[in-house]
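**Q**
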Amino acid sequence: MAKVTRTKLARGTKLTPDHTHSLLTDAAAQMNAATVDVQQLQAPNSSFRINWYFPNLSTDFPFGNHTLGGLARNQKFCIPFTLPPTQDYFDANAGGENLVRDQPSLVLEEVSFSFDQRGEGAAIVGHHNANGTVNVDAGKLDFEEIRAYDMDISLVEKDQLFFNSSQSDYIPSKVVFNAPITSLSFAGNDLRFNPFTVTEINASISPFKTYAFVLSAPSLDVDSTLAPAKTRPHSIVSAHISLKVRSVLLPRDVYASSSPIQNMPSKDTNLLVRSPTAIGQTVAITAPAAGSNIVADSTADGVTRNIEHITSEFRHRLSGGVDKFCETTARQMLKNDAGYEVVAIPLLNNRAMGGVCSAYAGSEPWGATSAVWDRSVVPLNYPMVIHSVIIAWNWQRFFTTATPAPATPVALRVPGAASGAGNTFVAEFGLGIGEGIQSDNFNYQQIASHTMTEPWVSATGLPAATWDSRIIDRINCNGPDGNGANRASAGVNDPQNWEWELHQMDIINAAAPYLGSGYYTNGRPFFAGKSWAPTQGRNNVSTGALSAVAGREQFLEARVKITYGGGAFPNNDEVISGYQGHWIYVIGKKYLTR
Amino acid sequence: MTGQQFSDATTIDGSRLDSAMEDIERHFNDVPQGDIRTKWTPSSYAMSWSPTPAGSAYQNHSFPFLKCLNDATTTVGVSPDSFANPFRVKGFNIPGVLPEPQSSSTPAQEMNRQYHSTVSFEFNRPAIITHVDVMLLVDDRAGRGTTSYANTYQYGATRTPPGFNANANSKDFNFTLQVDAPTGPEDRQLNPIEMMRHDWTLNMSQASNIAWPAVFADMTPSGFPSLGFSGVVEKIEGPFPIHRNGRVRLTMTIPPSIDNASADRPYDSSWGAQPWATQQFNVTMHVLEELV
Numbered sequence: 000m001a002k003v004t005r006t007k008l009a010r011g012t013k014l015t016p017d018h019t020h021s022l023l024t025d026a027a028a029q030m031n032a033a034t035v036d037v038q039q040l041q042a043p044n045s046s047f048r049i050n051w052y053f054p055n056l057s058t059d060f061p062f063g064n065h066t067l068g069g070l071a072r073n074q075k076f077c078i079p080f081t082l083p084p085t086q087d088y089f090d091a092n093a094g095g096e097n098l099v100r101d102q103p104s105l106v107l108e109e110v111s112f113s114f115d116q117r118g119e120g121a122a123i124v125g126h127h128n129a130n131g132t133v134n135v136d137a138g139k140l141d142f143e144e145i146r147a148y149d150m151d152i153s154l155v156e157k158d159q160l161f162f163n164s165s166q167s168d169y170i171p172s173k174v175v176f177n178a179p180i181t182s183l184s185f186a187g188n189d190l191r192f193n194p195f196t197v198t199e200i201n202a203s204i205s206p207f208k209t210y211a212f213v214l215s216a217p218s219l220d221v222d223s224t225l226a227p228a229k230t231r232p233h234s235i236v237s238a239h240i241s242l243k244v245r246s247v248l249l250p251r252d253v254y255a256s257s258s259p260i261q262n263m264p265s266k267d268t269n270l271l272v273r274s275p276t277a278i279g280q281t282v283a284i285t286a287p288a289a290g291s292n293i294v295a296d297s298t299a300d301g302v303t304r305n306i307e308h309i310t311s312e313f314r315h316r317l318s319g320g321v322d323k324f325c326e327t328t329a330r331q332m333l334k335n336d337a338g339y340e341v342v343a344i345p346l347l348n349n350r351a352m353g354g355v356c357s358a359y360a361g362s363e364p365w366g367a368t369s370a371v372w373d374r375s376v377v378p379l380n381y382p383m384v385i386h387s388v389i390i391a392w393n394w395q396r397f398f399t400t401a402t403p404a405p406a407t408p409v410a411l412r413v414p415g416a417a418s419g420a421g422n423t424f425v426a427e428f429g430l431g432i433g434e435g436i437q438s439d440n441f442n443y444q445q446i447a448s449h450t451m452t453e454p455w456v457s458a459t460g461l462p463a464a465t466w467d468s469r470i471i472d473r474i475n476c477n478g479p480d481g482n483g484a485n486r487a488s489a490g491v492n493d494p495q496n497w498e499w500e501l502h503q504m505d506i507i508n509a510a511a512p513y514l515g516s517g518y519y520t521n522g523r524p525f526f527a528g529k530s531w532a533p534t535q536g537r538n539n540v541s542t543g544a545l546s547a548v549a550g551r552e553q554f555l556e557a558r559v560k561i562t563y564g565g566g567a568f569p570n571n572d573e574v575i576s577g578y579q580g581h582w583i584y585v586i587g588k589k590y591l592t593r
Numbered sequence: 000m001t002g003q004q005f006s007d008a009t010t011i012d013g014s015r016l017d018s019a020m021e022d023i024e025r026h027f028n029d030v031p032q033g034d035i036r037t038k039w040t041p042s043s044y045a046m047s048w049s050p051t052p053a054g055s056a057y058q059n060h061s062f063p064f065l066k067c068l069n070d071a072t073t074t075v076g077v078s079p080d081s082f083a084n085p086f087r088v089k090g091f092n093i094p095g096v097l098p099e100p101q102s103s104s105t106p107a108q109e110m111n112r113q114y115h116s117t118v119s120f121e122f123n124r125p126a127i128i129t130h131v132d133v134m135l136l137v138d139d140r141a142g143r144g145t146t147s148y149a150n151t152y153q154y155g156a157t158r159t160p161p162g163f164n165a166n167a168n169s170k171d172f173n174f175t176l177q178v179d180a181p182t183g184p185e186d187r188q189l190n191p192i193e194m195m196r197h198d199w200t201l202n203m204s205q206a207s208n209i210a211w212p213a214v215f216a217d218m219t220p221s222g223f224p225s226l227g228f229s230g231v232v233e234k235i236e237g238p239f240p241i242h243r244n245g246r247v248r249l250t251m252t253i254p255p256s257i258d259n260a261s262a263d264r265p266y267d268s269s270w271g272a273q274p275w276a277t278q279q280f281n282v283t284m285h286v287l288e289e290l291v
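So the sequences go chain by chain: A and B. Here the first sequence is numbered in numbering that gives the first Met the number 0, starting from 0 and rising by one per residue. Here the second sequence is numbered in numbering that gives the first Met the number 0, starting from 0 and rising by one per residue.
The structure is reproduced here in structure tokens:
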């Protein structure tokens with residue numbers, strides 16, 4: 000519905016209800032139907048954030064100028080992501096994408112980068128010495144070598160492998176944003192720019208491209224070539240990166256038996272919009288009868304009385320959305336009341352060696368089980384509808400650290416390249432909702448999962464089809480060779496050591512009507528939100544039954560399990576999990592709230 | 000929506016009527032953000048990690064936890080004449096640990112043996128932090144599965160802080176949300192405290208008072224080694240309004256490293272000598288931001 004218009008009242012014109020009541024009637028009609036559109040809002044965009052937290056980024060990553068074990072110097076640390084359209088706008092296949100005219104645009108507004116300096120204008124000493132031993136001064140303040148924090152942050156873009164499987168390389172083609180940061184920003188006594196925030200970037204983000212945040216910190220490590228020489232390794236502790244992106248408000252998901260939203264609350268006819276018409280509380284404009292006088296306020300059709308009907312609604316303010324207990328707003332007038340949302344969940348970060356190296360996998364938490372496990376629990380405080388789940392798989396190489404120095408000083412090669420048994424390397428990811436926090440019920444319900452097997456085939460140096468079954472993209476920010484797990488091989492036709500991969504994790508699906516949209520087979524969107532008793536009643540999930548937590552979900556849980564042949568991991572230098580782990584991006588729609 | 004008001008028996012002219020309708024048309028077609036009751040959308044900040052378990056041969060750092068006192072003993076090279084923030088976080092004292100460096104006869108009681116982990120955020124526009132959820136997850140206390148994290152959040156059997164019985168539940172973990180003062184952003188003494196969880200019994204906030212059952216509906220990948228989880232789940236609900244350009248610092252403070260076998264120790268504790276490694280940390284912050 001378009002904006003409302005009025006008939007202008009020119010001087011000398013006879014006053015009719017068209018000049019007064021028509022506008023009010025049109026406005027009331029939009030309010031009653033809950034069709035006040037985004038074009039009519041001064042602030043038509045919601046914002047979302049991609050938040051990454053790293054307990055530490057240290058010189059066990061080859062940021063600097065030492066080459067123990069043959070890793071290249073001055074490597075950049077990166078984290079990729081993609082922001083695919085929600086399923087109602089997703090129209091793409093391997094042949095290409097189809098951007099519809101009303102595709103919500105995404106605009107990068109702000110980049111923020113922060114870390115812990117212990118409240119001083121100093122650097123924090125790192126734990127990794129250049130020879131692989133542990134620095135005994137790790138965590139201490141260093142006022143002499145604050146130049147460790149001369150850094151550069153950027154956001155880069157590349158086309159996706161999914162749309163072009165014959166890409167010649169995986170190197171980004173465009174820099175979207177770049178900011179060199181001098182360590183002087185972090186050295187002041189009275190003001191330090193930590194968090195370091197850049198606003199009003201206003202860079203357009205494509206829904207079918209891959210982006211990566213890139214961090215370069217070449218002075219973090221010891222470096223005898225500098226003048227004066229830099230003598231200590233340093234660490235970026237509690238690093239937090241936040242990208243704020245805005246997107247125009249979206250229509251919220253509507254349940255239908257032919258296009259169900261899994262686990263959607265069934266209250267209010269499956270959270271149907273409670274427009275004034277739907278609930279029988281319309282804003283009524285009374286126009287004068289034909290031939291009668293137009294009066295100010297003495298009768299129900301008076302001009303001021305009817306203006307007051309509209310004004311009163313604005314005094315109570317317009318509403319939309321779903322609250323934290325999954326209750327739809329009581330009286331909705333806004334048409335679009337949902338926003339794009341991303342929840343970034345870390346897995347396998349802050350490991351003893353930075354990442355997981357095969358030779359030391361047994362020392363990982365629960366490593367005695369011959370599997371590397373991790374989980375992250377994210378309490379649900381506001382509901383969202385999950386449309387896509389993306390895995391960012393990390394191959395970034397790293398130095399190992401211990402005292403005495405580890406026998407395998409570098410996590411270097413892709414699984415299989417040393418062991419010859421890459422076909423037994425299996426990575427399983429899962430995302431679920433769960434109950435059990437301060438309660439007496441304990442259950443999980445799967446939302447999405449994905450299993451990948453055999454990341455390296457000796458004949459090609461490339462992953463097997465069982466690894467790439469849901470591949471979206473590969474990215475290499477340290478081209479041309481890359482700092483990813485080394486996959487060089489005799490007869491290789493693609494020797495790049497890409498650093499990250501993006502894979503789709505399928506939302507649970509069985510058959511129609513639970514088949515949704517995505518890069519590959521995907522399930523219909525999945526609702527997740529804590530409820531109170533009235534909103535506990537839910538629609539079925541794709542198994543044809545209620546969720547196993549039956550509307551009582553309290554948290555999202557992301558899990559990963561990595562096995563290598565079912566027994567102990569090989570005693571070699573293979574990268575089981577890249578530096579600072581993997582990310583699961585939970586992408587969907589959130590609601591307006593208050 | 001309009002400044003015009005029409006009353007019977009008063010003068011009226013077309014210009015005023017037209018002006019009123021124009022006001023309404025403009026307002027309705029350009030609804031100010033303040034006229035939307037539900038003008039906020041939530042964002043999640045998910046921060047979690049599973050540290051290398053205590054006692055591992057490969058324990059090699061305490062990151063992201065750093066010593067809480069800034070002084071020459073926690074500095075390499077030349078120290079400044081004075082430290083800007085010797086204590087950079089407010090309200091982190093715990094029973095049994097003294098606030099200032101002590102004489103050599105009681106070195107283990109110094110507060111500077113505690114550790115902070117601080118993560119900071121900046122909000123360019125006004126925002127509301129609605130929830131801070133801190134979860135210290137340990138393995139299923141029913142003792143099934145494989146155990147990597149086993150903190151019981153208790154003091155020891157033979158040596159406890161003053162006022163606590165043997166094996167008493169501990170009060171030795173804090174977290175706070177503080178905002179930099181606009182007039183002195185690097186002077187932490189000026190920081191307003193938005194939220195503080197302090198002097199509380201951790202085991203009163205157990206993940207659950209009953210153990211996970213032997214059978215429950217699991218998710219894939221199934222069979223997590225510890226089966227279920229236990230520990231501490233402390234969910235703080237705001238709202239905590241943050242002003243424009245607010246710089247927010249969320250700090251967790253863990254107790255000192257305590258070697259329960261050492262003679263030089265303030266007390267015994269289930270946190271042990273590597274308090275950063277006896278549980279899995281899950282921290283989530285939910286923030287409401289306005290439509291833009």
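Every residue, glycine too, gets a C-beta built ideally from N, C-alpha and C. This one's a predicted model, so the numbers in the text were calculated from it and none came from an experiment.
With a CB to CB cut of under 7 Å and the five nearest residues on each side skipped, what residues in its chain are close to phenylalanine 397 (chain A)?
**A** Excluding positions up to five away in sequence, the list reads Asp59, Phe60, Met352, Gly353, Gly354, Ala410, Tyr578.
**Q** Give me the subset of the region 272-291 of chain A whose CB atoms are less than 7 Å from a CB atom of chain B, sorted by chain position.
**A** Under the 7 Å Cβ criterion, the region 272-291 of chain A contributes no residue.
**Q** I'd like the list of long-range same chain contacts for arginine 5 (chain A), defined as Cβ closer than 6 Å, with 5 residues on each side in sequence excluded.
**A** Correct list, in chain order: Leu22.
**Q** Between the region 125-132 of chain A and the region 227-234 of chain A, do at least 3 Cβ pairs fall closer than 8 Å?
**A** With the cut-off at 8 Å, the region 125-132 of chain A and the region 227-234 of chain A touch.
**Q** Which residues does DSSP list as the beta-bridge partners of phenylalanine 86 (chain B)?
**A** B:Leu68.
**Q** Determine, using beta carbons only, whether glutamine 553 (chain A) and isoleucine 436 (chain A) come nearer to each other than 7 Å.
**A** Going by C-beta atoms, glutamine 553 (chain A) is nearer than 7 Å to isoleucine 436 (chain A).
**Q** Using the DSSP secondary-structure output, state which residues sit across from asparagine 442 (chain A) in a beta bridge.
**A** Answer is A:Glu434.
**Q** DSSP three-state label for alanine 1 (chain A), please.
**A** Three-state DSSP puts alanine 1 (chain A) in coil, outside helix and strand.
**Q** Give the residues of chain A in contact with glutamate 233 (chain B), contact being defined as C-beta atoms less than 7 Å apart.
**A** Under the 7 Å cutoff, chain A gives no residues; its nearest Cβ is about 10 Å from glutamate 233 (chain B).
**Q** Please classify methionine 203 (chain B): is it buried, with 16 or more other beta-carbons within 10 angstroms of its beta-carbon, or exposed?
**A** With fewer than 16 other Cβ atoms within 10 Å, it is exposed.
**Q** Grab me the residues of glycine 587 (chain A)'s own chain with a C-beta within less than 6 Å of its C-beta, minus the 5 sequence neighbours each way, in chain order.
**A** Here the set comprises Glu340, Met383, Val384, Ile385, His386.
**Q** Candidates B:Asp80, B:Met0, B:Arg112: which alpha carbon is nearest proline 254 (chain B)'s?
**A** When only C-alpha atoms are compared, the closest one is B:Arg112.
**Q** If you measure from the beta carbon of asparagine 190 (chain B) to each beta carbon in chain A, is any gap under 7 Å?
**A** No, no contact with chain A.
**Q** Could you tell me the boundaries of the alpha helix (DSSP H) in which phenylalanine 27 (chain B) lies?
**A** Start and end: 13-28.
**Q** Return helix, strand or coil for arginine 374 (chain A), following the three-state DSSP convention.
**A** Strand, per DSSP.
**Q** Where are the beta strand (DSSP E) runs, 3 residues long or more, that stay fully inside the region 198-258 of chain A, in chain order?
**A** Here the runs fully enclosed are 202-204, 208-215, 233-247.
**Q** Where does the unbroken alpha helix (DSSP H) through proline 16 (chain A) begin, and where does it stop?
**A** Per DSSP, proline 16 (chain A) belongs to the alpha helix (DSSP H) from 16-32.
**Q** Below 7 Å on C-beta distance, what does isoleucine 344 (chain A) contact in chain B?
**A** Simply Ala45.
**Q** Around the Cβ of serine 104 (chain B), are there at least 16 other Cβ atoms within 10 angstroms (buried) or fewer (exposed)?
**A** Caution is warranted here: a pLDDT of 49 is assigned to serine 104 (chain B), below 50, making its placement in the model unreliable, and the coordinate value is therefore given only provisionally. Counting Cβ neighbours within 10 Å, serine 104 (chain B) comes out exposed, since fewer than 16 surround it.
**Q** Cβ of tyrosine 266 (chain B) less than 7 Å from any chain E Cβ?
**A** In the structure shown, chain E does not exist; the protein chains are A and B.
**Q** Comparing the C-beta of valine 3 (chain A) with each C-beta of chain B, is any distance below 7 Å?
**A** By this cut-off, valine 3 (chain A) is an interface position.
**Q** Run through chain B and tell me which residues come within less than 7 Å of tyrosine 381 (chain A), C-beta to C-beta.
**A** Neighbours of tyrosine 381 (chain A) on chain B, chain order: Pro41, His285.
**Q** Count the other C-beta atoms from every protein chain shown that fall within 10 angstroms of the C-beta of isoleucine 180 (chain A), then say buried if there are 16 or more, exposed otherwise.
**A** Buried is the call here.
**Q** Taking all protein chains shown into account, do 16 or more other C-beta atoms lie within 10 angstroms of the C-beta of alanine 417 (chain A), making it buried, or fewer, making it exposed?
**A** It is buried - the Cβ of alanine 417 (chain A) has at least 16 other Cβ atoms within 10 Å.
**Q** Along the chain, where does the alpha helix (DSSP H) containing lysine 334 (chain A) start, and where does it finish?
**A** Lysine 334 (chain A) -> no alpha helix (DSSP H), and no H or E assigned at all.
**Q** Do glutamine 279 (chain B) and leucine 136 (chain B) have their C-beta atoms within less than 7 Å of each other?
**A** Cβ distance < 7 Å, so glutamine 279 (chain B) and leucine 136 (chain B) count as in contact.
**Q** Mind the definition here: the region 208-224 of chain A touches the region 139-158 of chain A only if three or more C-beta pairs lie below 8 Å; say whether that holds.
**A** The region 208-224 of chain A, when compared against the region 139-158 of chain A, does touch it at the 8 Å Cβ threshold.
**Q** In angstroms with no decimal places, state the Cα-to-Cα distance between glycine 230 (chain B) and alanine 165 (chain B).
**A** About 20 Å.
**Q** Just list the beta strand (DSSP E) runs in the region 135-201 of chain A, keeping only unbroken ones of 3 residues or longer that don't cross its boundaries, in chain order.
**A** 150-158, 173-180, 195-197, all fully within the region 135-201 of chain A.
**Q** Check glutamate 427 (chain A) in the structure and name its three-state DSSP category.
**A** Looking at glutamate 427 (chain A) - three-state DSSP - the assignment turns out to be strand.
**Q** Roughly how many angstroms separate the alpha carbons of valine 294 (chain A) and aspartate 300 (chain A), rounded to a whole number?
**A** Taking the straight line joining both Cα atoms gives about 7 Å.
**Q** When you compare only the Cα positions, how much space is there between phenylalanine 91 (chain B) and glutamine 188 (chain B)?
**A** Phenylalanine 91 (chain B) and glutamine 188 (chain B): Cα-Cα distance of roughly 13 Å.
**Q** Under 7 Å, Cβ to Cβ, is there at least one residue of chain B near proline 378 (chain A)?
**A** Judged by the 7 Å Cβ criterion, proline 378 (chain A) is in contact with chain B.
**Q** Would you list the residues sitting across from aspartate 115 (chain A) in a DSSP beta bridge?
**A** According to DSSP, aspartate 115 (chain A) bridges with A:Val236.
**Q** Got a sec, what are the start and stop residues for the alpha helix (DSSP H) arginine 304 (chain A) sits in?
**A** Segment 302-315, the alpha helix (DSSP H) holding arginine 304 (chain A).
**Q** Going by CA-CA distance only, name the one from A:Val302, A:Asn55, A:Ser113, A:Leu501 that's closest to isoleucine 11 (chain B).
**A** If we check each option's Cα against that of isoleucine 11 (chain B), A:Val302 comes out closest.
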